[in-house]
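Before any comments, here is the structure.
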Amino acid sequence: MRQETASKSDYLGERAIVVGGGIAGLSAARVLSDRFRQVVILDRDELPDSATPRSGVPQGKHPHGLLAGGLKALERLFPGFGNELIQAGAVPVDRGFDVLYAVAGQDPWPRIKLDEPTYCFLNLTRPLLELTLCNHVARLTNVNVRGGCRILNIIAEAGTGAATDICFRTSEGKLETLHADLIIDASGNGSLTLEFLKATRRRLPEETSIGVNMHYASALVEDVVIKDDYKVAYTLPDAPEDTRGGLLMPGENGTYQLVLISRGEHTPPIRESEFRSFARMLWTPTIYNAIKHAKFLTGITPATFSHSKWRHFAQISDFPRGLLPIGDAICRFNPVYGQGMSTAAREAGLLFELLGRSSDDLLSTLAADFLTKTEDIIADPWAMSAVPDFIYPDTTGVRPKNLEELLNFQKGLGQLAARDADVFEKLTDVRHLLLPLSVLDDSSIVSRVEKELASELSL
Ligand SMILES: Cc1cc2nc3c(=O)[nH]c(=O)nc-3n(C[C@H](O)[C@H](O)[C@H](O)COP(=O)(O)OP(=O)(O)OC[C@H]3O[C@@H](n4cnc5c(N)ncnc54)[C@H](O)[C@@H]3O)c2cc1C
1 MRQETASKSD YLGERAIVVG GGIAGLSAAR VLSDRFRQVV ILDRDELPDS
51 ATPRSGVPQG KHPHGLLAGG LKALERLFPG FGNELIQAGA VPVDRGFDVL
101 YAVAGQDPWP RIKLDEPTYC FLNLTRPLLE LTLCNHVARL TNVNVRGGCR
151 ILNIIAEAGT GAATDICFRT SEGKLETLHA DLIIDASGNG SLTLEFLKAT
201 RRRLPEETSI GVNMHYASAL VEDVVIKDDY KVAYTLPDAP EDTRGGLLMP
251 GENGTYQLVL ISRGEHTPPI RESEFRSFAR MLWTPTIYNA IKHAKFLTGI
301 TPATFSHSKW RHFAQISDFP RGLLPIGDAI CRFNPVYGQG MSTAAREAGL
351 LFELLGRSSD DLLSTLAADF LTKTEDIIAD PWAMSAVPDF IYPDTTGVRP
401 KNLEELLNFQ KGLGQLAARD ADVFEKLTDV RHLLLPLSVL DDSSIVSRVE
451 KELASELSL
């Protein structure tokens with residue numbers, strides 16, 4: 001496939017700066033390199049030249065998978081990317097055949113091969129994905145990656161309040177400022193954008209927040225045997241009574257990424273013997289059995305994820321020219337659903353489309369267009385993760401008024417997917433962000449789900 005490039009008839013500006021060399025920042029830099037004479041990526045970390053976790057991205061020690069929809073988005077920006085990842089050790093997983101979902105009270109789903117040749121579910125460690133992206137971006141002649149640069153603040157133009165410069169401290173302790181026609185906040189936490197809005201006396205975005213108080217404990221292991229030759233095993237908690245679950249998925253070179261999950265007061269242990277005992281308490285023995293003879297290659301790393309958070313920047317009608325947040329800086333999803341990197345990649349794809357348009361002054365409308373359309377990109381994955389999170393009574397946030405109906409529908413859909421190949425395929429593609437959630441509102445599916453729920457009631 002040929003690399004798609006936006007029209008280069010005119011550069012939009014001399015320089016774009018990207019704060020953060022994570023998945024969102026690297027993908028955005030690739031897009032910007034078509035339309036700016038120079039692109040500078042600044043990260044507080046030195047970006048490693050091997051696939052190793054780094055301190056600026058602490059989640060890099062925890063399992064990561066790239067949904068098929070995320071790979072599709074990255075393929076568009078980096079043609080051949082999936083194959084390159086596979087060559088580097090990523091494991092292609094057929095989302096319909098290789099994944100064992102254990103959902104308490106539901107029949108097992110069928111095994112149906114769904115892979116298109118290019119857009120599979122890729123299992124790989126987060127450092128490998130980032131390294132491969134970084135190598136691609138480093139090959140672009142007009143992109144400069146500078147590690148060891150901590151951004152302190154974004155500077156506004158007097159009078160207009162546009163974002164024009166960035167102030168940062170280098171690893172040698174030197175303060176520098178750099179001018180840019182466009183600054184992308186891909187810092188993960190987005191506080192630079194919030195501080196800039198405050199400093200320029202703009203309103204702050206409303207936030208939709210869901211308190212999940214989720215705990216992870218993860219390790220890299222080897223010598224794993226998942227039953228029936230599945231490549232991935234998810235044990236979803238027997239909610240709402242039990243909050244314990246687990247996930248086992250391949251990493252590179254025969255390794256497996258293993259995480260045990262819980263919520264609230266029960267944190268998964270980080271000592272190996274207790275960790276194994278915790279695995280034994282899951283409602284299905286699949287993961288415990290799979291790791292019975294496994295060797296732990298790393299220590300067990302804990303993490304707590306307190307809130308999913310979606311900042312609605314599109315509401316700010318005077319959003320500053322010259323600034324765009326992207327990725328986790330806009331929305332952080334509950335990691336259990338594995339949507340964050342794919343959503344960041346899809347947002348970079350949107351940026352690609354918007355920057356490819358011709359207009360006399362593209363930068364004046366870019367933020368409004370990008371932030372509005374990003375709301376659409378986020379809405380589906382957000383809905384898919386928010387609704388099941390509300391099954392727990394201690395989840396905080398505004399519950400949808402029809403929560404019970406939505407939870408019931410999801411239950412019926414899962415049950416129907418166990419018997420109906422068409423529904424199984426659609427549901428799987430929706431979860432992988434290949435199809436919009438609205439395909440499941442199709443009247444024929446809704447009526448089949450209703451029948452399913454009615455027959456359950458009559459039993
Ligand atoms: C435990 C866990 C498991 C997850 N599992 C998955 C999964 O399986 N699949 C999936 O798709 N997603 C997963 N996610 C989510 C995923 O990690 C994020 O959505 C994704 O990393 C967001 O990318 P980003 O580039 O927006 O931000 P980040 O990856 O956080 O990158 C931000 C970058 O900005 C830099 N930075 C920050 N502040 C500054 C500053 N002031 N100056 C300079 N540099 C700065 C950081 O060093 C970092 O490099 C998981 C998240 C967690 C917490």
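To convert, note that position 222 of the sequence shown is 222 in my numbering; the numbers rise steadily by one, no gaps. Positions of the beta carbon are idealized from the N, C-alpha and C atoms, including for glycine.
Inset, instruction - Could you tell me which residues DSSP puts in a beta bridge with residue 310? - result: 208, 331
Legend entry - Beta-carbon proximity list for residue 407, same chain, < 8 Å, skipping 5 on both sides: 387, 388, 390, 391
Legend entry - Range covered by the alpha helix (DSSP H) that runs through residue 225: That residue, residue 225, is in no alpha helix (DSSP H); it is neither H nor E in DSSP.
Inset, instruction - To the nearest angstrom, report how far apart residue 452 and residue 418 are at their CA atoms. - result: 11 Å
Legend entry - Counterpart residues of residue 249 in DSSP-defined beta bridges: 257
Inset, instruction - Using beta-carbon positions only, say whether residue 398 and residue 295 come within less than 8 Å of one another. - result: no
Legend entry - Inter-residue Cα distance where the pair is residue 208 and residue 363: 28 Å
Inset, instruction - Tell me whether residue 305 counts as near ligand 1, meaning its Cβ is closer than 7 Å to at least one heavy atom of that ligand. - result: yes
Inset, instruction - List the DSSP bridge partners of residue 177. - result: 167
Legend entry - Backbone CA spacing between residue 265 and residue 13 [nearest angstrom]: 51 Å
Legend entry - Boundaries of the beta strand (DSSP E) in which residue 154 is found, first to last residue: 149-156
Inset, instruction - Give the straight-line distance between the Cα atoms of residue 79 and residue 133, rounded to the nearest whole angstrom. - result: 12 Å
Legend entry - Helix, strand or coil at residue 14 [DSSP, three-state]: strand
Legend entry - Check whether residue 343 and residue 210 have beta carbons under 8 Å apart: no
Legend entry - Beta-carbon proximity list for residue 206, same chain, < 7 Å, skipping 5 on both sides: 312, 315
Inset, instruction - Could you spell out where the alpha helix (DSSP H) holding residue 288 opens and where it closes? - result: 286-290
Inset, instruction - Please confirm whether residue 226 and residue 66 have their CB atoms less than 8 Å apart. - result: no
Inset, instruction - Could you pull the start and end residues of the beta strand (DSSP E) that residue 185 belongs to? - result: 182-185
Inset, instruction - Use the C-beta contact count for residue 286: other C-beta atoms within 10 angstroms, 16 or more gives buried, fewer gives exposed. - result: buried
Legend entry - Beta-carbon spacing of residue 53, residue 127 below 8 Å: yes
Inset, instruction - Mind reading off the beta-carbon distance from residue 77 to residue 348? Whole number of angstroms is fine, and I expect it under 8 Å. - result: 6 Å
Inset, instruction - Report buried or exposed for residue 145, applying the criterion of at least 16 other Cβ atoms within 10 angstroms of its Cβ. - result: buried
Legend entry - Under 8 Å between C-beta atoms of residue 370 and residue 354: yes
Legend entry - Residues that DSSP places opposite residue 92 in a beta bridge: 122
Inset, instruction - Indicate, with yes or no, if ligand 1 has a heavy atom lying under 7 Å from the CB of residue 256. - result: no
Inset, instruction - Starting from the C-beta of residue 170, find all residues in its chain whose C-beta is less than 7 Å away, skip the five residues before and the five after it, and write them out in chain order. - result: 148, 149, 176
Legend entry - Check: residue 212 C-beta below 7 Å from any heavy atom of ligand 1: no
Legend entry - Proximity of residue 236 and residue 73 at Cβ, strictly below 8 Å: no
Inset, instruction - Can you have a look at residue 233 and say buried or exposed, based on whether 16 or more other CB atoms are within 10 angstroms of its CB? - result: buried
Inset, instruction - Please classify residue 108: is it buried, with 16 or more other beta-carbons within 10 angstroms of its beta-carbon, or exposed? - result: exposed
Legend entry - Segment limits, alpha helix (DSSP H) that includes residue 372: 362-389
Inset, instruction - Take every Cβ of the stretch 178-198, pair it with every Cβ of the stretch 241-250, and state whether three or more of those distances are shorter than 8 Å. - result: no
Legend entry - Assumed close pair residue 151, residue 18 - CB separation to whole angstroms, cut-off 8 Å: Incorrect: roughly 10 Å between the Cβ atoms, too far for contact.
Legend entry - beta-carbon residue 59 near ligand 1 non-hydrogen atom, thresh 7 Å: yes
Inset, instruction - Compute the minimum distance between the beta carbon of residue 134 and the heavy atoms of ligand 1, and state whether it is under 7 Å. - result: no
Legend entry - Whole-number beta carbon distance between residue 186 and residue 327, since they are thought to touch under 8 Å: 5 Å
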